[in-house]
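Following: one structure in structure tokens, then a few remarks.
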Amino acid sequence: MKEIKVGICGWGNVATGLYQAVNANKKIIERNTNLDIKINFIGARRDNPKCDPQGVEVLRDIFDVVKQDIDVVIELIGGVETARELILSAIKNKKHVITANKAVIFNHGDELFKAARENNVKILFEAAVCAGTPIIKVLQEELAGNNISKISGMLNGTTNFILAEMEKGADFEPILKIAQEKGYAEPDPSFDIDGIDAAHKIGILSHIAFGNPLPPKDFYIEGITEIAGDDFQHAKELGYVIKHLAVAKQEINAVELRAHPAFIKNTSILSSLEGVRNGIEIDTDLIGKIHITGSGAGQESTASGLISDIIHLAGCNKDYSEEVFKSSNEIKIVEFTEISFQHYFYLEVDDNPGVMALITSLVASHNIGIETIIQKDELADNQVPVFFITDLCEELKAKELLNEFKNTDVIKKVKRIRVEAD
Ligand code: HSE
Numbered sequence: 001m002k003e004i005k006v007g008i009c010g011w012g013n014v015a016t017g018l019y020q021a022v023n024a025n026k027k028i029i030e031r032n033t034n035l036d037i038k039i040n041f042i043g044a045r046r047d048n049p050k051c052d053p054q055g056v057e058v059l060r061d062i063f064d065v066v067k068q069d070i071d072v073v074i075e076l077i078g079g080v081e082t083a084r085e086l087i088l089s090a091i092k093n094k095k096h097v098i099t100a101n102k103a104v105i106f107n108h109g110d111e112l113f114k115a116a117r118e119n120n121v122k123i124l125f126e127a128a129v130c131a132g133t134p135i136i137k138v139l140q141e142e143l144a145g146n147n148i149s150k151i152s153g154m155l156n157g158t159t160n161f162i163l164a165e166m167e168k169g170a171d172f173e174p175i176l177k178i179a180q181e182k183g184y185a186e187p188d189p190s191f192d193i194d195g196i197d198a199a200h201k202i203g204i205l206s207h208i209a210f211g212n213p214l215p216p217k218d219f220y221i222e223g224i225t226e227i228a229g230d231d232f233q234h235a236k237e238l239g240y241v242i243k244h245l246a247v248a249k250q251e252i253n254a255v256e257l258r259a260h261p262a263f264i265k266n267t268s269i270l271s272s273l274e275g276v277r278n279g280i281e282i283d284t285d286l287i288g289k290i291h292i293t294g295s296g297a298g299q300e301s302t303a304s305g306l307i308s309d310i311i312h313l314a315g316c317n318k319d320y321s322e323e324v325f326k327s328s329n330e331i332k333i334v335e336f337t338e339i340s341f342q343h344y345f346y347l348e349v350d351d352n353p354g355v356m357a358l359i360t361s362l363v364a365s366h367n368i369g370i371e372t373i374i375q376k377d378e379l380a381d382n383q384v385p386v387f388f389i390t391d392l393c394e395e396l397k398a399k400e401l402l403n404e405f406k407n408t409d410v411i412k413k414v415k416r417i418r419v420e421a422d
């Protein structure tokens, strides 16, 4: 099995989340990648009472981590200037760097990438934008053959969480507090609520898609602090929801960049994303608009993005030509008849007294509950449509009921469609 030696700098919410996820998903990571992620050093000025690093050596000076026998330094200290120095120091020590720090990439990306190129090492930063929701490598690799004309969406989990709760009637301050407790917000939450964090992220995405420098020139940034409860009501009446949107758009010889609250149509895909979800819409020439959504903040989501970079760096993405990735005969497929669904039944039945009672008693005789039942206006030939949704029941039972309906004289037509759970 391949091995990658890792040093983590920082021991806060994100770093401990990475440590826990690497340990919790060790077997899955090994099965998917044949890679053993060895966290050999942690750089932390102080212990974190929420997480015991067990046998891992803790260095009190984070700058000592870059000098160790490791392949990659994972910068999770946050902030800008010390993070920049740490990354440059790692690069000079010929260490690859992974970071979740959008502020340092936004402000010093050009300088850091140049230093990495000159020293033949890589900087990966999937978790810097939308945490673990994949977007950086999607743009750099999966969509590399496309001409991208626009990227827009909600790139800050904290503000999306706050706005969705305010829409339901909550007040701003207590919801911000909850976002902080859940580990969504930045150490200084004004970065979230003033739109700066989303601006950093759209600046980085714009750099990847359109090649603007990092940092980009000043662009329009507005936060959510002026949004009040009434605004949600007014938006709703007009068919909109309020989201904090960040946009990068390719214009002729220019890039449009902005981050601010906006009304978006309540029918759009992005409008339905609540809580800490981020949502990105990308306009491409070859596959049209694509949408990517997922949790955009928090320990676990960020850990997912960091692990993806570690695997990528190690060159361990699944390669089906390798023997280790062969199928396992021990994996059994669940019997379809044992799967439980709710079911929609549509019947056309004789419009005679007692027929409805017969239908409901047939359903009950199969021990199936009815969630909703509706009878509609009469059709031709004394037929009437009846349709209903069952409670959850095993496929086998629903099939037996279907067969019984088919063999019942007063039922002239039967159709069944399974309801997929959320
Ligand atoms: N504070 C950020 C957010 C964390 O709420 O989206 C993830 O970058």
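For what it's worth, my numbering labels the leading residue of the sequence shown as 1, then goes sequentially. Using N, Cα and C, we set each Cβ at its ideal position, and we do this for glycine too. Here the structure is a predicted model, which means the values were calculated and not measured.
Asked                                                                                                                                                      : Found
With 9 Å as the threshold, decide whether the Cβ of H291 is near any Cβ in chain D.                                                                        : Included in the structure is just one protein chain, with no chain D present.
Taking the alpha-carbon positions, what's the K265 to L238 distance?                                                                                       : 9 Å
What's the C-alpha gap between A185 and A297?                                                                                                              : 8 Å
Note down, in chain order, each residue of its chain lying with its Cβ closer than 6 Å to the Cβ of K150, except the 5 sequence neighbours on either side. : K249, D283
Bridge partners for M154 per DSSP, in chain order?                                                                                                         : G279
Work out the CA separation of D110 and Q68 for me, nearest whole Å.                                                                                        : 26 Å
Please identify the residue among T133, E274, N34, I62 whose C-alpha is closest to the C-alpha of D319.                                                    : N34
For I123, which option in H366, P53, T99 has the closest C-alpha, if you only look at C-alpha atoms?                                                       : T99
In the DSSP assignment, find the unbroken alpha helix (DSSP H) run with F232 in it and report its ends.                                                    : 229-238
Opposite E165 in the DSSP bridges: which residues?                                                                                                         : According to DSSP, which records beta bridges pairwise, E165 is partnered with nothing at all.
Measure how close the beta-carbons of H244 and I224 come, nearest whole angstrom, since I'm counting them as under 8 Å.                                    : 5 Å
Given a cut-off of 9 Å, decide if F125 and N101 are closer than it, judged by their beta-carbon atoms.                                                     : yes
Assuming M166 and G229 are in contact, meaning their beta carbons sit under 8 Å apart, how far apart are those beta carbons, in whole angstroms?           : 6 Å
Give me the Cα-Cα distance between I423 and Y220, rounded to the nearest whole angstrom.                                                                   : Because the chain here runs from 1 to 422, residue 423 falls outside it and cannot be looked at.
Return the CA-CA distance between I252 and H207, expressed in angstroms with no decimal places.                                                            : 16 Å
Please determine whether the Cβ atom of L155 lies at a distance below 8 Å from any heavy atom of the ligand HSE.                                           : yes
Quick check on DSSP: helix, strand or coil for V22?                                                                                                        : helix
Can you tell me whether T267 is buried or exposed, with buried defined as 16 or more other CB within 10 angstroms of its CB?                               : exposed
Can you name the residues that DSSP bridges to Y220?                                                                                                       : R258
When the distance is taken between beta carbons, is Q383 closer than 9 Å to V349?                                                                          : yes
Mind checking whether the beta-carbon of E186 lies closer than 8 Å to any heavy atom of the ligand HSE?                                                    : yes
Does DSSP put R46 in a helix, a strand or coil?                                                                                                            : coil
Any idea what DSSP makes of I272, helix, strand or coil?                                                                                                   : Checking the displayed sequence, the identity of residue 272 turns out to be Ser instead of Ile. Residue state, collapsed to three classes: helix.
Under 8 Å: does the beta carbon of A131 sit that close to some heavy atom of the ligand HSE?                                                               : yes
On the three-state DSSP scale, how would you describe P215?                                                                                                : coil
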